[in-house]
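First the structure, in the form of structure tokens, and then the observations on it.
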Amino acid sequence: MNPVETLLTESDNLTSLQSYLLSEEDKHPDATGRFTWILSAISLSTKFISDKVRRARLQDVLGSLGSQNVHDESQQKLDVIADEALIRCLRSRNSVAIVASEENEEPIIVENYNQGDQRPYVVLFDPLDGSSNLDTCCGIGTIFSVLEHDRRSNNPKESVLQPGYRQVAAGYVIYGSSTVLVMTTGSGVQMFVLDPSIGAYMLVNENVQIPTAHKSYSVNEAYIESFPKSYQNYLHYAHKNGYSSRYVGSMVADVHRILVKGGVFLYPPTEKAPEGKLRLLYEANPMAMIIEQAGGKAYTGTQRTLELQPTEVHQRVSVLLGSSDEVDKVLSFLE
Ligand code: P6P
């Protein structure tokens with residue numbers, strides 16, 4: 109009998125996030141499926157968020173709530189909607205002990221400590237990073253980080269204060285011209301695109317590699333006068349050596365461009381933010397894991413980001429990440 113001629117073409121991609129996660133789970137005989145459940149909760153909630161973002165002008169979800177978040181920043185309606193969607197989806201999983209979010213001052217304890225509940229994971233996220241750009245249709249995103257729950261402390265909230273190298277998964281979803289989920293579980297970086305016609309994230313790259321070099325930097329040069337002199341010297345070098353400059357002002361959009369095309373992203377210390385502006389636990393660390401797993405480098409300036417021991421949930425840090433050669437070039441000015 110002749111083999112059935114397939115009518116499917118190569119471009120008919122049939123590997124979804126769900127089938128990818130299940131196939132990865134099969135590779136670990138001792139896997140319980142609880143880790144997979146967390147990533148599927150992130151998948152479900154970010155699909156919901158993507159739908160809200162894409163219909164923002166058609167539904168009354170644009171604009172600010174008139175309230176401030178824990179950082180005294182104006183809270184956008186969609187910030188709160190995204191935060192609640194992620195918390196609701198993650199709380200429904202029996203593997204999440206603690207949730208920490210940019211929108212909540214204190215970490216949320218999900219585990220029932222009185223019943224001796226042994227939930228193994230902590231999930232941290234920025235539910236809608238760059239949301240101030242919503243009105244202008246720039247790329248914004250959700251950034252997430254997953255840790256194993258550390259029970260050594262009597263205070264469960266201290267479990268979120270683990271250095272970035274202890275992350276078991278990290279990633280982001282960018283709500284841009286398409287909705288793209290980029291993640292790592294420590295074995296390379298995978299990229300998925302949301303296919304709205306079937307409502308599934310479809311695998312488009314199983315091993316994302318950041319270009320080792322690309323003469324492009326991403327920084328808010330409006331603050332150049334308040335950067336440390338060493339950063340100013342690097343920028344003067346870049347101006348004279350054929351570098352291009354690209355800056356959206358939305359970390360997920362800027363880092364995603366760097367991951368795909370190469371280059372270097374910087375948020376140096378400034379007079380206004382002497383420690384840096386971006387948050388260590390749910391912005392710098394997850395992005396650092398992604399960039400390193402894709403072959404790049406990520407520093408707080410002088411220290412590898414993933415080695416920094418956190419002291420506070422909403423701790424800020426300066427960020428330098430991207431192509432290894434470009435990060436090395438910046439470091440050569442900082443030393
Ligand atoms: P600036 C967005 O508000 C954000 O937190 C990041 O997404 C972005 O990289 C940064 O702030 C932009 O900050 O000071 O350049 O507007």
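Residue numbers in the sequence shown follow the working numbering, run continuously in steps of one, and reach 443 at the last position. For glycine and all other residues, C-beta sits at the position ideal for the given N, C-alpha and C.
Apart from the five residues just before and just after residue i, which ones in its own chain have a Cβ nearer than 7 angstroms to its Cβ?
i, result
"H257", "A205, I206, R227, P228, Y229, V230, S267"
"P336", "P376, P377"
In chain order, what residues of the same chain have a beta carbon less than 6 angstroms from the beta carbon of residue i, not counting five sequence neighbours either side?
i, result
"P460", "Nothing can be reported for residue 460, as the shown portion of the chain is limited to 109 through 443."
"V281", "T154, G249, T250, L289"
"Y331", "T378"
Who are residue i's beta bridge partners in DSSP?
i, result
"K265", "Answer is none; K265 lacks a bridge partner."
"G279", "F252, M291"
Which residues mark the beginning and the end of the beta strand (DSSP E) in which residue i is found?
i, result
"S326", "324-326"
"A308", "308-313"
"P235", "229-237"
"Y407", "405-407"
Helix, strand or coil: how does DSSP classify residue i here?
i, result
"F441", "helix"
"V297", "strand"
"T114", "coil"
"E379", "coil"
"Q317", "coil"
"S209", "strand"
"R424", "strand"
"S286", "coil"
"P304", "coil"
"Y128", "helix"
"L166", "coil"
"S203", "coil"
"L416", "coil"
"G174", "strand"
"G247", "coil"
"V435", "helix"
"G272", "helix"
"L388", "helix"
Please return the same chain residues whose Cβ sits closer than 8 angstroms to the Cβ of residue i, not counting the five positions on each side in sequence.
i, result
"A308", "S124, L125, Q126, L302"
Could you check where the alpha helix (DSSP H) with residue i kicks off and where it finishes?
i, result
"F143", "142-162"
"V337", "The question names Val, yet the displayed sequence has Lys at residue 337. Taken as a continuous stretch (DSSP letters only), the alpha helix (DSSP H) holding K337 covers 337-348."
"K135", "Looking at the DSSP string, K135 is not in any alpha helix (DSSP H), and its letter there is neither H nor E."
"V360", "359-369"
"V188", "185-199"
"A396", "393-401"
Of all Cβ atoms in chain C, is any one closer than 9 angstroms to the Cβ of residue i?
i, result
"S431", "This model lacks chain C altogether, as it is built from one protein chain only."
Answer yes or no: do residue i and residue j have a C-beta to C-beta separation smaller than 9 angstroms?
i, j, result
"N252", "Y390", "According to the sequence displayed, residue 252 carries Phe and not Asn. Yes; because the gap between Cβ atoms is below 9 angstroms, this pair is in contact."
"G272", "N393", "yes"
"N177", "E211", "yes"
"D191", "R387", "no"
"V372", "E415", "no"
"A108", "V297", "Outside the modelled stretch of the chain, which goes from 109 to 443, sits residue 108, for which no answer is possible."
"Y339", "L311", "no"
"I157", "Y283", "yes"
"S209", "I217", "no"
"S200", "A277", "no"
"L269", "P418", "yes"
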